[in-house]
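These notes are about the structure you will find just below.
If you want it as structure tokens, here you go:
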């Protein structure tokens with residue numbers, strides 16, 4: 020696998036995934052608040068709108084992420100990602116293969132792959148050139164109420180076996196996310212807990228602070244004694 024080293028493509032921290040939203044103005048408002056709070060990656064996900072609105076929204080979000088200097092990922096649709104100049108695409112199990120996406124997008128773009136609760140699928144994705152893999156759902160999710168469930172032990176195993184970043188997803192909030200970071204998640208993907216929050220900026224900051232605490236713990240700068 021060819022390694023891509025552009026630091027702008029680091030998958031780490033709060034990974035915001037947009038909710039379905041037919042009101043583009045409101046979507047951009049909420050996305051701006053999330054990025055203001057410290058979101059490190061933004062993924063555009065829209066399962067309800069037609070192609071014209073999806074193109075409009077993706078272009079607007081691409082412009083916003085340029086403003087904040089963070090990667091912009093498109094969910095499921097490599098052609099849309101290419102059309103708007105996104106930094107990459109996120110593929111589910113039925114969304115096409117890595118080779119086809121790589122051919123369309125180029126070698127320097129990010130390709131992420133959903134691996135649910137299946138470590139063998141993640142191994143295969145990494146071997147095929149995925150830049151990161153996503154596991155979950157780790158908690159009940161309002162976005163995907165019937166999603167297969169994963170547990171934190173999967174992250175521990177994947178962190179040992181895989182050389183690509185690990186993204187955790189599924190029902191993640193500031194109240195339950197710390198254990199996933201300590202188990203090996205490089206990034207936390209969140210939708211409802213962030214975009215439906217009363218204070219989106221504060222929620223993004225709370226999630227971001229969990230990574231700051233984890234980094235401090237690893238560096239030994241916090242004397243942490245569980246009570």
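In this note's numbering, the protein residues as written are 20 to 246.
For every residue, glycine included, the Cβ atom is placed at its ideal position computed from N, Cα and C.
Asked: Can residue 88 be considered in contact with the ligand PLP, in the sense that its beta carbon sits closer than 6 angstroms to one or more heavy atoms?; Found: This structure lacks the ligand PLP, and indeed carries no ligand of any kind.
Asked: What's the C-alpha gap between residue 112 and residue 175?; Found: 22 angstroms
Asked: Quick one: Cα of residue 71 to Cα of residue 114, how far?; Found: 20 angstroms
Asked: Helix, strand or coil for residue 94 per DSSP?; Found: strand
Asked: Taking the runs of the alpha helix (DSSP H) that are 4 residues or longer, which of them lie wholly in the region 184-240?; Found: 197-201, 211-214 and 219-238
Asked: Kindly list the residues whose CB is nearer than 8 angstroms to the CB of residue 31, restricted to its own chain and excluding five residues on each side of it in sequence; keep chain order.; Found: 59, 184, 205, 206 and 230
Asked: Buried or exposed: where does residue 85 fall if 16 or more other Cβ atoms within 10 Å of its Cβ makes it buried?; Found: exposed
Asked: Taking the beta carbon of residue 62 as the centre, do at least 16 other beta carbons fall within 10 Å, making it buried, or is it exposed?; Found: buried
Asked: Comparing alpha-carbon positions, which option in 98, 56, 109 and 42 lies nearest residue 79?; Found: 42
Asked: Determine the DSSP secondary structure at residue 87, reduced to helix, strand or coil.; Found: helix
Asked: Roughly how many whole angstroms lie between the Cα atoms of residue 216 and residue 222?; Found: 7 angstroms
Asked: Within the continuous alpha helix (DSSP H) that includes residue 171, where are the two ends?; Found: 171-180
Asked: To which residues of the same chain is residue 155 closer than 6 angstroms at the C-beta, ignoring the five residues directly before and after it?; Found: 169, 187, 188 and 189
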